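Right, one structure below, let's go through it.
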Amino acid sequence: MTNLSVNINKVATLRNARGENVPDVEKVAVDCEAFGAQGITVHPRPDERHIRHSDVFALRPLVKTEFNIEGYPSPDFMDLVLKVKPEQVTLVPDAPDAITSSAGWDVVRHHEFLTEIVDRLREAGIRSSIFVDPDEAMIKAAASTGTDRVELYTKPYADNYPSDPEAAVAPYVAASIAAHKAGIGVNAGHDLSLVNLKFFHERVPYLNEVSIGHALICDALYLGLEEAIRQYKNCLK
C-alpha cells in the first residue's frame, strides 16, 4: 500500500488570513494522523506566507508518523531541517517567490549542488527525495547523487488525464521503473486528486508515497477532513 502524506500548507494559509490561530495547524496535523494519514508534509517558504518556521518546530514533536519538509535547499532552509530533523526532506527547485512548484530539478545541471545537499542530509540521518519530472535521464542523475528517493512531479499527468489517461500516465510508469532499477524509492505529488489518484496508483509500480494538499483540503470543505482522508486512502489500496 502506498502511503498518504497530507500537505497542510493550505490550512496555514487560511489561518494566516485572519492573523489568529484558527484553524489550528498543529491540531489539524494531529487529527490527520488520527484519521489515517501516514505522514504530514509542510513547505515553509522564505516569506512564511503559509507554514512558518515556528510551525515546523512546533510540529516536530507532534508528528508521530512521517514528517516531510519540502523546500529549496537554501542556507536558511538547510539550517531549519538540520535542526528539526524530519524523517524526510524533499528538495524542490522553486524560486523564493514561486506560488507553487512548477517543474522538477534539472539534476544534470545541478548535480554537484544536489549531491552535497544529499550528503549533508544523510549525515544527519534524514531521508532525501529530489523533485523531478518523469524523465529517465533525470532519474538516473538523481540516483547518482545518492538520494534515497525521487518525487515525481504529477501536474502534467493531472492536466492530461481527462483527455487520455493511458498516455498521461505512461511517462510515470517508465520513470518509476527506472527509479526502481536505479535502487531508489518513488514518491509523487502535485495536483493528484480523487479524480485521478486511483488510476495513477493502479498503473504506477513501486510507488512509496503520495503527498497531497490542495485537492485534499478542498475536498475536506465538503466531505470533512476525516472522510476526505478515508477516500484518498481508498484510492491507494
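Residue numbering for the sequence shown follows this note's numbering, beginning at 48 and increasing consecutively. For glycine and all other residues, C-beta sits at the position ideal for the given N, C-alpha and C. From a predicted model like this one, the values you see are computed outputs, not experimental measurements.
Check, Outcome
"Nearest neighbour of residue 236, chosen from 252, 93 and 178 [CA to CA]", "178"
"Check whether residue 239 and residue 262 have beta carbons under 8 Å apart", "yes"
"Member of 153, 256 and 174 whose CA lies at the smallest distance from the CA of residue 182", "153"
"Span separating the alpha-carbon of residue 172 from that of residue 105", "20 Å"
"Proximity to residue 209 [Cα-Cα], best of 221, 272 and 242", "242"
"Bridge partners - residue 51, DSSP secondary structure assignment", "257"
"Residue 218 versus residue 67: straight-line alpha-carbon distance, rounded", "44 Å"
"Neighbourhood of residue 70 by C-beta, 8 Å cutoff - its chain only, sequence neighbours within 5 removed", "58, 61 and 62"
"Residue 127 versus 155, 151 and 98, residue with shortest Cα-Cα distance", "98"
"Simplified DSSP state of residue 208, which is helix, strand or coil", "coil"
"Close-in-space but distant-in-sequence residues of the same chain around residue 158 (CB under 8 Å, 5 per side omitted)", "188, 191 and 192"
"Under 8 Å between C-beta atoms of residue 276 and residue 54", "no"
"Coarse secondary structure for residue 67, derived from DSSP in three states", "coil"
"Residue 110, buried or exposed, once every other Cβ within 10 Å from all chains shown has been counted against 16", "buried"
"Beta-carbon spacing of residue 252, residue 224 below 8 Å", "yes"
"According to DSSP, residues forming a beta bridge with residue 114", "87"
"Assigned secondary structure, residue 82 (DSSP; H/G/I helix, E/B strand, else coil)", "coil"
"Where residue 159 sits in the DSSP three-state scheme", "helix"
"Residue 114 versus residue 184 - alpha carbon distance", "29 Å"
"Where residue 163 falls, given that 16 or more other Cβ within 10 Å makes a residue buried", "exposed"
"Distance between residue 79 and residue 216 (C-alpha atoms, nearest Å)", "28 Å"
"Contacting residues, own chain, Cβ-Cβ under 8 Å from residue 246 (five flanking each side not counted)", "208, 212 and 216"
"Cα-Cα separation between residue 52 and residue 133, rounded to whole angstroms", "13 Å"
"Cβ-Cβ distance between residue 50 and residue 255 below 8 Å", "yes"
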